[in-house]
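Residue numbers (UniProt numbering), protein chains in the order written: chain H, 1 to 333; chain U, 1 to 333.
Read through the structure below, which is laid out as structure tokens, and then see the notes.
Protein chains: 2
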Amino acid sequence: MSDEHTRRARTVTRADVARYAGVSTAVVSYVLNDGPKPVAPLTRERVLDAVKVLGYRPNAAARALSKGSSDMFGMLVVDSRNPFFAQLCHALGEAAAQDGRTLLIVNTDREHTTAADQIHDLTARQIGGLIIADLLTAAEQALVENLGIPVVLINQYAGAVGVPALGADFRDGARRAVEHLVGHGYRSIAFIGSASIFDDRERGWGDALTAAGLPLGARIHAPFSYEGGYQAGIELADAAERPRAAFAASDQVAVGLLAALHARGLRVPEDVAVVSFDGTDAAEYACPPLTTTAQPMAEMAREAIRLLQAGDAEPGYRAFPTALVVRRSCGCE
Amino acid sequence: MSDEHTRRARTVTRADVARYAGVSTAVVSYVLNDGPKPVAPLTRERVLDAVKVLGYRPNAAARALSKGSSDMFGMLVVDSRNPFFAQLCHALGEAAAQDGRTLLIVNTDREHTTAADQIHDLTARQIGGLIIADLLTAAEQALVENLGIPVVLINQYAGAVGVPALGADFRDGARRAVEHLVGHGYRSIAFIGSASIFDDRERGWGDALTAAGLPLGARIHAPFSYEGGYQAGIELADAAERPRAAFAASDQVAVGLLAALHARGLRVPEDVAVVSFDGTDAAEYACPPLTTTAQPMAEMAREAIRLLQAGDAEPGYRAFPTALVVRRSCGCE
DNA sequence: CTGAAAGCGCTTACAG
DNA sequence: CTGAAAGCGCTTACAG
């Protein structure tokens, strides 16, 4: 232990290892990288022993320079504080680590910089691949399609893109969430969520209503934030004809919504029933506990990493099925 | 735009820039790094122009190899999904970016690896500094003290260490939170939080009680998680002599606590009043909204980055004052 | 199976 | 103020 400490100051290099093991530096690389050349078992042992004794750690910068690619994957996300993205980033970090990769996460909600800038910055760091959890402009799409490294878009809605993309089946998930509400007998069910025409959750909400022969209820567009949900909740609570139930497009929005309803003295689910989307931890401890549409975050994370590792994945969209987690906010129990 | 794209494939290097500008590669470095040598204004212009025209981005790996240090700062955190750490990491990323640095965040809650391993991995990446938001063992302390790069510990409790450390004034913050509860007239006030003897929040709770001539109330030790808070809440709710109020050592624990109290049919603050600690966004949208002790996350983040940049900061602890944010869970309004 | 050597793209003394 | 050149620590054809 203390050996290792004193030694680290002078930085052990591959040359030291080679000298100690009595081999060339090339051979050290061969054993550490398992190739590209075979190494005799005994030589291999000597090298591994030298590595251990000297406490050698390969210099990642040198490796990245030499290979033209580091073992890091870049990750672009709007705001890693958002509980859903926090969990998604964590799952991606896990999946990456399992493949010996490290995630470099960058938030795009920063001022004085653009997504394009951040992508360029990331590529200048020689990242081996890039994951983007954000909606891209046409210019940004063109940029990532020609980046020269694997790119995968995550948390995406269906739609054609020039790179592999994946996301939960938003439309189907929303439809089933609303069907559940319909099953409770509620006949006026509001939608609270993004104004983006790409977001299929609003369509799924409409699907369920239409299939049940119900009119489309109120539609409140709100940003994906606590505050967005809160404002929407106030609007909903104060509406002349208050909906009997609401589908919230994210857990965070739903938590904001609950706060607003409580502030207005409304009970959930007795006055307004709620079902949300995401399946974050926070939903379980909301009050009341939220019935929510769980996204398979770990699976999506693993698939995203797999696509990056493959490197030559087909462009196109992959939908992941969701699962309704029933708790009390919808009126069950 | 499309120029830049087609060009990126072949990777523009500093040599290309030098050739285009009609100078040596050294001069390109001098202008890009503002030193170490002065450059004539006109030469400088030519270089900057070449950089722009060619869409040149310095290779970070080459730079890190050459300098022996990258522009990344490493960050070790138990679990970046925890709302408090999510906000802290975000603030640190902001502060780092403002200084032209990038944060590489690593979670220590991973299996099959140790904090020491992760620290070594980070240093092998040539990080320019390391921030640790975790309690260290003696061995880990010895390790970071001899790392050869600036290290700062954050979210720490007071105590002597061989490196700069900072954290909210836990004891004072907890004391004031509990004083607020005392001010409401509650005479039995429980503590819900960490079992760690390093965590001064329990001491602060005791300070306030003692100062008010009140006996120490129930003390429920729980892990820092929703579930930890929930279990503690069940225990509290079912106690033979249920406390009239509780101080929760984190917002996340408090949210779990609220869920348990509601599950037991108890009202907050009417049956049990609650004050918590952290000041995360989630506290504002809890039900009822949580009165909480806000940590100055942005300030602490900026200071941590500043200490890293300084490089030669004095070891020792820096306490940051907290601020009580009054909302409804304590009984106010 | 092993080694000598070129090369990755920077930085920075050293010399002019 | 500018440049030629060594060096950072790896990887990987190329030769043996």
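Glycine included, C-beta positions come from ideal geometry on N, C-alpha and C.
These numbers were taken from a predicted model, which means no experiment stands behind them.
Which of the three DSSP states is assigned to residue i in this structure?
i	result
residue 192 of chain H	strand
residue 80 of chain U	coil
residue 328 of chain U	coil
residue 73 of chain U	strand
residue 186 of chain U	coil
residue 250 of chain U	coil
residue 343 of chain U	As displayed, chain U neither begins before 1 nor continues past 333, which places residue 343 of chain U out of reach and without an answer.
residue 159 of chain H	coil
residue 33 of chain U	helix
residue 291 of chain H	strand
residue 120 of chain H	helix
residue 281 of chain H	helix
residue 137 of chain H	coil
residue 102 of chain H	strand
residue 68 of chain H	coil
residue 322 of chain U	coil
residue 223 of chain U	coil
Would you say residue i faces chain H, with C-beta separation under 8 Å as the test?
i	result
residue 296 of chain U	no
residue 89 of chain U	yes
residue 278 of chain U	no
residue 92 of chain U	no
residue 107 of chain U	yes
residue 265 of chain U	no
residue 256 of chain U	yes
residue 29 of chain U	no
residue 284 of chain U	yes
residue 96 of chain U	no
residue 3 of chain U	Since pLDDT at residue 3 of chain U reaches only 37, below the 50 mark, its modelled position is unreliable, and the value read off the structure follows with that caveat. Residue 3 of chain U does not count as touching chain H.
Could you check the C-alpha separation between residue i and residue j for me, to the nearest Å?
i	j	result
residue 105 of chain H	residue 71 of chain U	15 Å
residue 278 of chain U	residue 251 of chain U	6 Å
residue 295 of chain U	residue 323 of chain U	7 Å
residue 205 of chain H	residue 103 of chain U	39 Å
residue 8 of chain H	residue 146 of chain U	Note that residue 8 of chain H has pLDDT 36, beneath the 50 cutoff, so the model's placement of it is unreliable and no number is given.
residue 90 of chain H	residue 27 of chain U	43 Å
residue 86 of chain H	residue 23 of chain U	47 Å
residue 246 of chain U	residue 291 of chain U	11 Å
residue 187 of chain H	residue 214 of chain H	7 Å
residue 194 of chain U	residue 129 of chain U	29 Å
residue 210 of chain H	residue 216 of chain H	7 Å
residue 120 of chain H	residue 100 of chain U	15 Å
residue 309 of chain U	residue 92 of chain U	13 Å
residue 3 of chain U	residue 11 of chain U	Note on residue 3 of chain U: pLDDT 37, under 50, position unreliable in the model; the coordinate value appears next. The straight-line gap from Cα to Cα measures roughly 13 Å.
residue 18 of chain H	residue 88 of chain H	42 Å
Rank the options by C-alpha distance to the C-alpha of residue i and give the top, closest one.
i	options	result
residue 163 of chain H	H/157, H/170, H/172, H/153	H/153
residue 222 of chain H	H/273, H/236, H/118	H/236
residue 183 of chain H	H/232, H/282, H/275, H/110	H/275
residue 293 of chain H	H/187, H/254, H/47	H/254
residue 269 of chain H	H/185, H/299, H/29	H/185
residue 131 of chain H	H/238, H/112, H/78	H/78
residue 95 of chain H	H/52, H/173, H/307	H/307
residue 141 of chain U	U/175, U/18, U/159	U/159
residue 59 of chain U	H/165, H/124, H/42	H/124
residue 315 of chain H	H/100, H/82, H/150	H/150
residue 241 of chain H	H/45, H/179, H/189	H/189
residue 333 of chain H	H/299, H/312, H/288	H/288
residue 176 of chain U	U/330, U/15, U/136, U/16	U/330
residue 161 of chain H	H/144, H/312, H/207, H/148	H/144
Residue j and residue i - do their beta-carbons sit closer together than 8 Å?
i	j	result
residue 327 of chain H	residue 249 of chain H	no
residue 65 of chain U	residue 62 of chain H	yes
residue 226 of chain H	residue 284 of chain U	yes
residue 73 of chain U	residue 169 of chain U	no
residue 133 of chain H	residue 155 of chain H	yes
residue 272 of chain H	residue 302 of chain H	no
residue 266 of chain H	residue 229 of chain H	no
residue 97 of chain H	residue 110 of chain U	yes
Using 8 Å as the limit for Cβ to Cβ distance, is residue i near chain U?
i	result
residue 9 of chain H	For residue 9 of chain H, the predicted structure reports a pLDDT of 46, less than 50, and the residue's modelled location is therefore unreliable. A value from the coordinates is still provided. For residue 9 of chain H, the answer is yes, since a Cβ of chain U falls inside 8 Å of its Cβ.
residue 126 of chain H	yes
residue 335 of chain H	Any answer about residue 335 of chain H is impossible in this case: the structure gives chain H only from 1 up to 333.
residue 234 of chain H	no
residue 362 of chain H	Residue coverage of chain H in this structure runs from 1 to 333, which leaves residue 362 of chain H outside it and unanswerable.
residue 287 of chain H	yes
residue 110 of chain H	yes
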